[in-house]
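Chains as they are written, first to last, in numbering that gives the first Met the number 0: chain A, 0 to 224; chain B, 0 to 224.
Report on one structure; see the data block that follows.
Number of protein chains: 2
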Amino acid sequence: MEDERRLTAQGAERKQQLLDCAAQLFAERGYADTRVIDIVRAAGVAKGLFYWYFENKEQLFRELAEDIRLRLRRSQGESIDPDADALTRIRQGCESSVRFMAINAPFFSLLEVENLDRRFVDVLRTGTEVHVNDVATLIREGIAAGLIRDDDPLLLARGVVGIVGLYSHFHRTGRSDVPIDELAQFVGRWVVRSLAADDEIARSIERDGSRSGPAETAIEPAARG
Amino acid sequence: MEDERRLTAQGAERKQQLLDCAAQLFAERGYADTRVIDIVRAAGVAKGLFYWYFENKEQLFRELAEDIRLRLRRSQGESIDPDADALTRIRQGCESSVRFMAINAPFFSLLEVENLDRRFVDVLRTGTEVHVNDVATLIREGIAAGLIRDDDPLLLARGVVGIVGLYSHFHRTGRSDVPIDELAQFVGRWVVRSLAADDEIARSIERDGSRSGPAETAIEPAARG
DNA sequence: AACCGCATTGACCCGCTGGTCAGGCAGGTG
DNA sequence: CACCTGCCTGACCAGCGGGTCAATGCGGTT
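Written out as structure tokens, the structure is:
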């Protein structure tokens with residue numbers, strides 16, 4: 000797994016450039032319909048170079064996917080108030096995810112839904128599974144505190160993660176003209192409503208509209224210093 | 000659109016057989032990874048015959064997709080109590096869908112999520128859009144009756160349809176060992192919770208656990224006569 | 001200058017797969 | 001029986017696209 004070639008600054012930059020071009024194209028036409036030659040053409044280099052940096056197309060995709068998950072998770076972490084109650088934290092996480100996904104739309108069209116290609120279920124699925132577990136933990140905490148209704152935590156968590164991806168997808172694919180912040184709040188509301196033990200709680204959490212932190216910046220496409 | 004060749008009984012049967020085999024294989028390995036030759040081999044016929052019944056692989060997929068949507072819609076219609084209130088009808092529709100999708104799993108792995116392939120967004124998307132509109136109408140009705148909280152009906156409807164597909168997907172892909180009826184009820188609960196104007200209403204609708212109608216039968220794979 | 005290794009090129013190879021085609025068979029009809 | 005039409009066959013073709021490779025450039029080190 001770690002036979003990383005030694006890359007010069009130029010090399011690293013070129014590799015990143017290929018990743019970005021690929022992401023862009025995958026997003027536009029999908030993985031299968033993007034030829035290696037399209038990628039290198041977009042980057043303005045020769046085909047052979049592709050195989051200098053990547054074993055093959057598949058490996059590139061995997062690198063891309065893992066990278067995005069990481070960024071998303073980091074962004075979530077940043078926009079969650081560690082002192083808030085479980086349900087609020089879930090809401091913040093969801094809202095921030097919706098915004099993050101919207102801002103980095105081109106990257107997410109890829110992995111939102113986990114079976115574009117049979118080959119990638121593993122990367123993509125374990126990716127979501129991480130988020131699901133994060134949420135499940137919070138849900139358990141919330142149930143214990145009486146904030147969240149008593150139902151199967153894992154099942155609920157899957158739904159929460161799913162619904163976030165779903166609405167991001169809608170936004171990305173042009174349905175829902177709703178501005179992104181509004182959509183994020185809508186999703187937050189939806190999730191709170193679905194989880195809350197009763198509407199006393201739901202309303203109180205909605206009311207305290209503490210918006211989540213930053214993470215409003217798009218991933219820089221290949222802009223290294 | 001209607002240049003249907005005249006088919007004898009045998010011909011129709013053979014065509015159906017190809018459709019079924021294709022559905023099976025698509026479900027197993029995905030559209031892109033299923034060769035025409037795999038399909039005909041599974042059906043035990045020669046390759047050329049495929050092109051007797053279908054223009055090409057793509058057209059076969061479209062036929063398949065439309066067919067399944069139709070069946071789902073019909074099944075839903077059958078399992079909804081026309082005299083019930085809007086929210087209850089939504090719940091019944093969702094539960095029935097979850098069950099229907101589970102029973103006909105092999106067929107649904109295909110179109111549940113609408114972007115396996117760029118080429119099919121149109122069929123698949125207009126497919127879901129029909130369901131979304133159905134639900135949106137019910138939601139408007141429910142809002143007017145004070146049963147459903149006042150939020151964007153279309154947005155809510157998308158979520159409802161989405162969540163059904165989502166959990167069906169989980170079930171199909173082996174996560175969630177929960178038995179199907181339980182899962183259906185879980186989804187029903189989730190949806191009711193997400194939509195209800197307050198939990199008085201939610202609870203009352205959950206309590207009256209009137210299970211939806213029939214539609215418990217799997218699509219017969221090519222069993223004519 | 002001689003050398004080395006990262007970086008880059010593009011022509012070439014080859015397997016795969018969608019799609020074609022010329023022809024053969026069976027059953028119904030005149 | 002001759003004939004037509006729907007059904008069926010499998011060898012064949014063509015193009016596409018992933019992946020290879022021998023050759024070259026180029027900047028830094030000795």
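Built from N, CA and C at the ideal position, the CB exists for glycine as well.
Remember, it's a predicted structure, so these values are computed and weren't measured experimentally.
From residue i to residue j, what does the alpha carbon distance come to, in whole angstroms?
i	j	result
Cys20(A)	Asn103(A)	14 Å
Leu194(B)	Ala8(A)	54 Å
Val112(B)	Arg73(A)	The predicted position of Val112(B) is uncertain, since its pLDDT is 49 and thus under 50; a value taken from the coordinates is nonetheless stated next. If you take the alpha carbons of Val112(B) and Arg73(A), they lie about 27 Å apart.
Leu18(A)	Tyr52(A)	10 Å
Thr125(A)	Trp189(A)	25 Å
Ser167(B)	Arg5(A)	46 Å
Phe107(B)	Ala11(A)	42 Å
Asp84(A)	Ile142(A)	11 Å
Ala41(B)	Ala101(B)	24 Å
Leu137(A)	Asp37(B)	46 Å
Val160(B)	Asp180(B)	18 Å
Phe191(B)	Ser78(A)	Here the sequence assigns Val to residue 191(B), which means Phe is not the residue at that position. Looking at the two C-alpha atoms, the distance is approximately 29 Å.
Asp149(A)	Glu128(B)	33 Å
Val177(A)	Arg118(B)	26 Å
Leu165(B)	Arg171(B)	10 Å
Asp82(B)	Leu182(B)	25 Å
Leu48(A)	Pro105(B)	41 Å
Val122(B)	Glu57(B)	11 Å
Ala87(B)	Gly29(B)	Just to set this straight, residue 87(B) is Thr in the shown sequence, not Ala. Taking the straight line joining both Cα atoms gives about 35 Å.
Asp80(B)	Val163(A)	31 Å
Arg174(A)	Val131(B)	12 Å
Ser96(B)	Gly76(B)	10 Å
Gly16(A)	Val39(A)	Note that residue 16(A) is Gln in the sequence shown here, rather than Gly. Using only the alpha carbons, I get a separation of about 10 Å.
Asp207(B)	Glu140(B)	20 Å
Gly43(B)	Glu27(B)	18 Å
Phe169(B)	Ser203(A)	32 Å
Arg13(A)	Val35(B)	39 Å
Ile22(A)	Asn55(B)	Checking the sequence, you will find Ala at residue 22(A) rather than Ile. C-alpha separation (whole angstroms): 30 Å.
Would you say residue i faces chain B, with C-beta separation under 8 Å as the test?
i	result
Leu137(A)	no
Ser175(A)	yes
Asp19(A)	no
Gly92(A)	no
Asp197(A)	yes
Leu63(A)	no
Phe119(A)	no
Arg192(A)	yes
Phe185(A)	yes
Looking at chain A, is there any beta carbon in it that lies within less than 8 Å of the beta carbon of residue i?
i	result
Asp180(B)	no
Ser265(B)	Since the first and last residues shown for chain B are 0 and 224, residue 265(B) lies out of range.
Arg70(B)	no
Asp150(B)	yes
Trp189(B)	yes
Glu205(B)	no
Give me, in chain order, the residues of the same chain whose beta-carbon lies closer than 8 Å to that of residue i; leave out the 5 immediate sequence neighbours on both sides.
i	result
Glu62(B)	Leu18 and Phe53
Run the CB neighbour count on residue i, radius 10 Å, all protein chains shown included, and call it buried at 16 or more, exposed below.
i	result
Ala64(B)	buried
Asp198(B)	buried
Asp133(A)	buried
Ala45(B)	exposed
Tyr50(B)	exposed
Arg98(B)	buried
Gln184(B)	buried
Gly158(B)	buried
Got a sec? Which residues, its chain only, sit under 7 Å from residue i by beta carbon, not counting five neighbours each side?
i	result
Gly187(A)	Arg90, Cys93 and Glu94
Ala196(A)	Gly145, Leu146, Ile147 and Arg148
Phe60(B)	Tyr30 and Phe119
Tyr205(B)	Per the sequence shown, residue 205(B) should be read as Glu rather than Tyr. Result list for Glu205(B): Arg188 and Val191, in chain order.
Residues in its own chain within less than 6 Å of residue i by CB, not counting five upstream and five downstream?
i	result
Ile200(A)	Leu146
Ala135(A)	Pro152, Leu153 and Ala156
Thr33(A)	Leu24 and Phe25
Arg68(A)	Gly126
Asp66(A)	none
What residues in the segment 13-46 of chain A bring their beta carbon closer than 8 Å to a beta carbon of chain B? Arg28, Gly29, Ala31 and Asp32
Counting only Cβ-Cβ distances shorter than 9 Å, please list the residues of the segment 152-176 of chain A near chain B, keeping chain order. Leu153, Leu154, Leu155, Arg157, Gly158, Gly161, Ile162, Gly164, Leu165, Tyr166, His168, Phe169, Thr172, Arg174 and Ser175
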